[in-house]
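If you read the sequences in order, they're chains A and B. FYI, the numbering for the first sequence is 2 to 338, going by our numbering. FYI, the numbering for the second sequence is 2 to 338, going by our numbering. Using N, Cα and C, we set each Cβ at its ideal position, and we do this for glycine too. Worksheet: one structure, shown below.
Protein chains: 2
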Amino acid sequence: MPSSEDTFLALDIGGTNVKSGLITRGGQILAFDTFPSTDLGGPETLVAMIAARLEALCGEASPSGKPRALAIGAPGWIRRAEGVVVMAPNLPGWKNLPITRLLSQALDIPAVLDNDANLYALGEWHFGAGKGCANEITLTLGTGVGAGLILDGKLWNGSFTSAAEIGHIPLQGVDRVCGCGRTGCLETVASARGMANSARKWIADRRDTTYLGNPDDIDTLAMQDLASRGDPMSLSIFRDAGEAIGIVLTGVFNLLSLEAAVIGGGGSGAFEFLAPSMLDVLSRHLVTATMDQIKVVKGALGGNAPLLGAAALLSAAGYWGRGWVAISLPDTCPGGP
Amino acid sequence: MPSSEDTFLALDIGGTNVKSGLITRGGQILAFDTFPSTDLGGPETLVAMIAARLEALCGEASPSGKPRALAIGAPGWIRRAEGVVVMAPNLPGWKNLPITRLLSQALDIPAVLDNDANLYALGEWHFGAGKGCANEITLTLGTGVGAGLILDGKLWNGSFTSAAEIGHIPLQGVDRVCGCGRTGCLETVASARGMANSARKWIADRRDTTYLGNPDDIDTLAMQDLASRGDPMSLSIFRDAGEAIGIVLTGVFNLLSLEAAVIGGGGSGAFEFLAPSMLDVLSRHLVTATMDQIKVVKGALGGNAPLLGAAALLSAAGYWGRGWVAISLPDTCPGGP
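Now the structure itself:
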């Protein structure tokens with residue numbers, strides 16, 4: 002059993018599930034908990050509910066004392082410095098919620114907050130496929146398309162509340178209405194949900210497919226399986242999504258002269274089917290580097306990325322020493338420092 | 002007459018003209034010279050030719066001694082640290098040219114090199130429409146679409162030789178071949194040359210226009226005049242170009258959470274006709290800020306921007322003290338430091 006000083010709590014609040022972990026300084030997940038976001042209830046109950054789950058997690062694995070700190074990842078629009086969730090479209094009632102202060106008081110440990118996609122990016126950058134890169138973007142293909150941007154070896158925040166909002170970059174020729182109310186956003190065709198929606202539309206249009214199930218049940222996991230057996234619907238949708246991601250990624254690489262892009266989130270399970278059209282667009286339009294100078298790869302950590310990114314967030318916030326990066330994965334970035 | 006320690010030389014090498022200036026610490030242009038880039042001749046003669054013009058410029062205005070340093074802006078792909086122009090598509094024979102060392106030796110003063118669009122951006126940021134912004138992009142609508150990016154109060158360079166290559170971001174639905182050999186690049190429809198090409202195509206297609214001159218002679222200056230008198234061709238081309246710029250700018254704002262974009266270069270003379278469709282796209286797709294938190298404005302310095310940007314480059318390179326910013330323009334950026 003490690004001492005309590007060597008552990009921290011990570012909380013990853015998603016639109017579908019809430020995940021938490023008690024994690025050592027070395028990146029080992031000692032205890033893990035997950036429950037549906039709908040269990041949270043309204044703003045008046047959710048803090049007590051989360052606090053109780055986190056207390057139980059600690060008691061289970063680390064009865065000797067408190068963890069060092071708590072790192073919170075939340076979806077939507079947040080104010081980092083104040084620790085406030087301004088608005089979370091997929092979490093009804095979350096408006097101007099000072100979640101950092103409330104959880105810090107309930108657990109009596111320091112807490113820090115960042116956007117969930119930023120935690121994902123920090124995780125992949127410190128421990129996963131983005132390791133060693135000075136300038137890198139991590140995309141998450143989930144309910145939407147999120148992103149976190151590492152510039153000059155630091156997470157980029159920009160001038161206002163939110164940055165790396167790559168999911169709402171408009172694409173010409175795309176006419177689908179987005180969850181944000183706008184039309185033609187990247188995530189309408191390239192998020193995991195967007196790709197499943199494309200499949201439902203394909204089936205409704207009675208186009209050729211080997212899928213025989215209920216259209217309501219289709220997801221990118223099923224589509225991966227279908228694509229590997231030659232389903233024209235899944236192959237076509239992955240190709241189009243890959244092209245859309247490729248167009249946006251090309252813009253990002255040419256603008257910022259990045260070394261790498263990491264593709265994560267549930268939809269990245271289809272990476273092998275997304276990659277050909279994505280890399281084709283990039284290879285035709287990249288001007289800031291040659292294709293062998295950059296890399297575009299699948300995330301290495303899967304669903305653990307945000308929990309491990311929490312370690313990086315705590316380190317950046319000063320709650321953790323410099324010695325905490327102890328998971329040994331090969332340095333894979335071509336142009337890293 | 003200021004002392005020689007208070008002046009520097011700025012050299013702006015363009016695909017069409019070479020401009021140079023002898024400039025005071027306070028930003029006053031004491032002497033100015035311009036000649037066609039074709040006069041440069043080949044790589045074996047151009048250094049001596051430029052050096053002679055710069056010497057003449059100094060003798061004319063500052064006979065008492067040498068200027069403090071030389072700042073060079075060059076188009077194309079450069080290696081900043083080594084002072085080398087790797088390749089300049091519009092300047093035949095410019096390959097791996099160590100222009101910084103050669104001119105520094107010929108004039109016996111220190112010299113620094115950067116991309117011409119970066120100098121333009123530095124000029125607008127220090128002295129012009131981008132003044133006071135921490136995070137800002139300046140676009141130049143010229144032969145191509147260039148850009149310089151200010152992030153966290155510094156010019157952004159990225160991982161490789163070149164960054165902010167916004168002109169070659171591909172747009173879906175655009176099928177015009179670019180000077181770079183690719184298809185659908187922003188600059189094929191939104192550079193000054195691209196807009197003039199659109200006009201020539203419009204005339205060749207015998208579509209409705211009030212332009213009666215030779216199609217070969219049309220440029221954005223003539224089109225501005227036509228647009229102000231209701232010409233459907235010029236209005237339509239500016240609207241489409243504004244929309245294309247708006248789409249790319251939206252992506253840049255949403256990715257980086259910028260405060261401002263400055264539109265410069267010759268094509269920015271048509272700003273009033275480009276702005277409505279550009280701002281319409283932005284207002285519909287911006288998610289990192291509200292429209293009143295950001296600004297999109299026409300450059301304030303015109304063709305002097307690169308020469309004044311040279312002062313900033315020399316300052317960043319340590320050849321100039323911190324007291325050199327003496328041009329007083331109002332601080333106009335909404336979110337500046």
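Near residue i, which residues of its chain fall below 6 Å by C-beta distance, leaving aside the five closest residues on each side in sequence?
i, result
"L92/A", "none"
"A70/A", "F9, I110, P111, L315, Y320"
"I14/A", "A75"
"T141/B", "A118, Y121, G147, G265, G266"
"A223/A", "none"
"E61/A", "A32"
"G195/A", "E188, T189"
"N158/A", "A164"
"C179/A", "C186, T189"
"N215/A", "none"
"R177/A", "T189"
"L12/A", "S21, I73"
Please return the same chain residues whose Cβ sits closer than 8 Å to the Cβ of residue i, not counting the five positions on each side in sequence.
i, result
"F36/B", "N18, V19, R54"
"L108/A", "L10, A52, L55, E56, K67, L71"
"G42/B", "M50"
"G131/A", "A122, E125, E137, T139, I151, A261, V263, C334"
"S237/A", "W203"
"V343/B", "It is not possible to answer for residue 343/B, since the shown part of chain B is limited to 2 through 338."
"D153/A", "A135, N136"
Going along chain B, which residues have a C-beta under 7 Å from residue i?
i, result
"N136/A", "G159, S160"
"H286/A", "H169, P171, R183"
"I248/A", "P171, Q173"
"L120/A", "Neighbours of L120/A on chain B: none; closest Cβ ~18 Å, over 7 Å."
"L12/A", "Simply none; closest approach about 25 Å."
What is the C-beta distance between residue i and residue j, in whole angstroms, given that I count them as a contact (C-beta under 8 Å)?
i, j, result
"Q173/A", "G174/B", "5 Å"
"S160/B", "N136/A", "5 Å"
"S192/A", "T251/A", "Not quite, the Cβ-Cβ distance comes to about 19 Å (not below 8 Å), so this is no contact."
"A276/A", "G243/A", "6 Å"
"E166/A", "T289/B", "5 Å"
"A164/A", "S258/B", "4 Å"
"I100/B", "I73/B", "6 Å"
"A261/B", "Q225/B", "Their Cβ separation, rounded to whole angstroms, is 23 Å, which puts A261/B and Q225/B out of contact at 8 Å."
"C181/A", "P171/A", "With a Cβ gap of about 11 Å, C181/A and P171/A do not count as contacting."
"R230/A", "S278/A", "Rounded, the Cβ-Cβ distance is 19 Å, inconsistent with contact."
"N255/A", "H127/B", "Wrong, their Cβ atoms sit about 25 Å apart, outside the cutoff."
"D115/A", "R81/A", "6 Å"
Please compile the residues from chain A whose C-beta is within a distance smaller than 9 Å of the C-beta of residue i.
i, result
"Q294/B", "S160, F161"
"S258/B", "W157, N158, G159, S160, F161, T162, S163, A164, A165, E166"
"S178/B", "For the sequence presented, residue 178/B should be read as Val rather than Ser. Here the premise fails: no neighbours, minimum Cβ distance about 12 Å."
"V297/B", "Per Cβ cutoff of 9 Å: no residues; V297/B is ~14 Å from chain A at best."
"V113/B", "Those do not exist, as V113/B stays about 20 Å from chain A at its closest Cβ, beyond 9 Å."
Give the interface partners of residue i over in chain B, defined as CB-CB distance under 9 Å, in chain order.
i, result
"T144/A", "None at all; the shortest Cβ gap to chain B is about 15 Å."
"L140/A", "The premise fails here: L140/A is roughly 11 Å from chain B at the closest Cβ pair, so nothing lies under 9 Å."
"L92/A", "None at all; the shortest Cβ gap to chain B is about 17 Å."
List, in chain order, every chain A residue whose beta-carbon is nearer than 8 Å to that of residue i.
i, result
"G22/B", "Per Cβ cutoff of 8 Å: no residues; G22/B is ~29 Å from chain A at best."
"L275/B", "Correct list: empty, because the minimum Cβ distance to chain A is about 17 Å."
Name the chain A residues whose beta carbon is nearer than 7 Å to that of residue i?
i, result
"T289/B", "G159, F161, S163, A164, E166"
"L58/B", "What L58/B touches in chain A: nothing, since even the nearest Cβ is about 34 Å away."
"L123/B", "Chain A residues near L123/B: none, gap ~17 Å exceeds 7 Å."
"L280/B", "Within 7 Å Cβ-Cβ: nothing; L280/B doesn't reach chain A, min ~14 Å."
So, at 7 Å on beta carbons, what are the nonlocal neighbours of residue i in its own chain, with the 5 sequence-adjacent residues on each side left out?
i, result
"G94/A", "G43, P44"
"V253/B", "I138, L259"
"T210/B", "W203, I204, D232, P233, M234"
"R102/A", "G84"
"G16/A", "S38, P76, N91, L92, T144"
"D7/B", "T25, R26"
"A306/B", "Y121, G124, E125, G129, G265, G300"
"V86/A", "A75, G77, I79, W95, L98, I100"
Determine the chain D residues that contact residue i at a beta-carbon separation under 7 Å, and present them in chain order.
i, result
"V253/A", "Reference to chain D is not applicable here, since the protein chains of this structure are A and B."
*Inter-stretch contact at 8 Å, needing at least 3 Cβ pairs: the region 280–287 of chain B / the region 247–254 of chain B*: Because the criterion of three Cβ pairs below 8 Å is met, the region 280–287 of chain B and the region 247–254 of chain B touch.
*Taking the runs of the beta strand (DSSP E) that are 3 residues or longer, which of them lie wholly in the region 117–159 of chain A?*
Scanning the region 117–159 of chain A for uninterrupted beta strand (DSSP E) segments of 3 residues or longer gives 137–142, 146–152, listed from N- to C-terminal end.
*In chain order, which continuous runs of the alpha helix (DSSP H) of length 4 or greater are located wholly inside the region 78–106 of chain B?*
You should have found no qualifying run.
*Return the chain-ordered ranges of every alpha helix (DSSP H) run that is complete within the region 228–301 of chain A and spans a minimum of 4 residues.*
Secondary structure in the region 228–301 of chain A: the alpha helix (DSSP H) runs of 4 residues or longer, each lying completely within the stretch, are 233–257, 272–286 in chain order.
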